[in-house]
Ligand code: UDP
Ligand code: MG
């Protein structure tokens, strides 16, 4: 039997509406799991407050005061779902044997945790929660999300299809993840790169039971761009291929103009000229844009800014009292707190 102290890590951004219910349901679940002997009694539920503007952090503090089962991590400001999740994992990894990450709106079925934990006991280090249908999502959300995976795959960022960030990771898998120092973080793409035995658990994705999605279309698009450009350089290759094609076309055009010239029909060029000027101009700009995107990434990576800063860690372990922790202690090589704007 592998040791089984479970820490559930939940990023929260303006989730005051869902938090009390989420906390209640998860507590029940944890009780059942402990009774079944799947997790140990000192397992915890850790909420990561991602710079919420509402009462989320107050609620987390309240929960923690009432029941040490709940812990909280307060980030200094909003850093986005991926960084909040990473902050949670990195902060709790020294206390936990198993970490399960999920969203605060419980769209991911907590019933799948049992199966995840059983797989862990069979020696699996990373268990991906995969939704087998998106019946409950709106048509628009479903179409954009599926399009997103397909586009990602085509552009060279291979991710697990229909897997969001609901997954189990063992301690050593999270320690592996800690070795990935990239600042442009796209967990779904990086985690398969860690290695170790992995498996899938399928579940039905439910509706958000309260509050609004914190991922409007704009954020989703930037998430997709982030995912692609931080994982692969295939877009650059595509541009290069396009460049070759255009070059080939221009040779064809050249031959064509000569033929026309010797046939004596010259002044036909204006339209074609204008069209090519615009086409090539546009293409150059586009290529510059893509190249610029990568240069921007290099620029940000070289800064080695901290990916998150923990303001406070509420956590009680049997008798030891509260221990503060954070990226400040994590990444010693990382620069100081100033300017975390990315
Ligand atoms: N979230 C976060 N920081 C953000 C945006 C979202 O921590 O800047 C959290 C949010 O609280 C939720 C999870 O990420 O727990 C997923 O967000 P949401 O449910 O809004 O996304 P959707 O399910 O609509 O894709
Ligand atoms: Mg959601």
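In this note's numbering, the protein residues as written are 150 to 491. We treat Cβ as the ideally placed atom computed from N, Cα and C, and that holds for glycine.
1) Just the C-alpha distance for residue 349 and residue 238, rounded to the nearest angstrom, thanks.
2) From the DSSP output, in three-state form, read off residue 430 for me.
3) Using 8 Å as the cut-off, can you tell me whether the segment 172-188 makes contact with the segment 197-205, which would need three or more C-beta pairs spanning the two stretches below that distance?
4) Would you call the segment 446-460 in contact with the segment 392-400, where contact means no fewer than 3 C-beta pairs closer than 8 Å?
5) For the alpha helix (DSSP H) containing residue 297, name the first residue and the last one.
6) How about residue 256: is its Cβ closer than 8 Å to a heavy atom in the ligand MG?
7) Which residues in the same chain have their Cβ closer than 6 Å to the Cβ of residue 205, if we skip the five residues on either side of it in sequence?
8) If you count every other CB in all the chains shown that lies within 10 Å of the CB of residue 335, and 16 or more means buried, which is it?
9) Taking buried to mean at least 16 other C-beta atoms within 10 Å of its own C-beta, is residue 470 buried or exposed?
10) Output needed for residue 580: all residues of its chain with C-beta closer than 6 Å, excluding positions within five of it in sequence on either side, in chain order.
11) Any heavy atom of the ligand UDP closer than 8 Å to the CB of residue 370?
12) Indicate whether residue 158 and residue 251 have their beta-carbon atoms separated by less than 9 Å.
13) Check the DSSP bridge columns for residue 280 and list the partner residues they point to.
14) Suppose you measure from the CA of residue 333 to the CA of residue 357; what does that come to, to the nearest Å?
15) Taking only heavy atoms of the ligand UDP into account, decide whether any of them is closer than 8 Å to the Cβ of residue 181.
16) From this set, 217, 369, 406, 380, which residue's C-alpha is nearest residue 308's C-alpha?
17) Going by beta-carbon coordinates alone, are residue 236 and residue 456 separated by less than 9 Å?
18) Note down, one range per segment and in chain order, each alpha helix (DSSP H) of at least 4 residues found wholly within the segment 341-409.
19) Keeping to the same chain, check which residues put their C-beta closer than 6 Å to that of residue 156; ignore five residues upstream and five downstream.
20) Answer yes or no: the CB of residue 362 versus the heavy atoms of the ligand MG, is any distance below 8 Å?
21) What alpha helix (DSSP H) runs, 4 residues minimum, are completely inside the segment 204-250?
22) Take the Cβ of residue 219 as the centre, count every other Cβ of all protein chains shown within 10 Å, and call the residue buried at 16 or more, exposed below.
23) Within the continuous beta strand (DSSP E) that includes residue 160, where are the two ends?
24) If we define contact as Cβ-Cβ less than 9 Å, is residue 310 a contact residue for chain D?
25) Please go through the same chain and pick out, in chain order, the residues whose beta-carbon is closer than 8 Å to the beta-carbon of residue 428, but skip the five residues on each side of it.
26) Name the one or two DSSP bridge partners that residue 318 has.
27) Can you tell me whether residue 252 sits near the ligand MG, meaning its C-beta is under 8 Å from at least one heavy atom of the ligand?
28) Nearest to residue 271 by alpha carbon, out of 425, 223, 347?
Concretely, from the data shown:
1) 20 Å
2) helix
3) no
4) no
5) 288-303
6) yes
7) 161, 164, 165, 198
8) buried
9) Note that residue 470 has pLDDT 42, beneath the 50 cutoff, so the model's placement of it is unreliable and no number is given.
10) Residue coverage of the chain in this structure runs from 150 to 491, which leaves residue 580 outside it and unanswerable.
11) no
12) yes
13) 352
14) 28 Å
15) no
16) 380
17) yes
18) 366-380
19) 193, 195, 241, 245, 248
20) yes
21) 205-215, 230-241
22) buried
23) 155-161
24) The chain labelled as chain D is not found in the depicted structure, where only one protein chain is given.
25) 395
26) 248, 275
27) yes
28) 347
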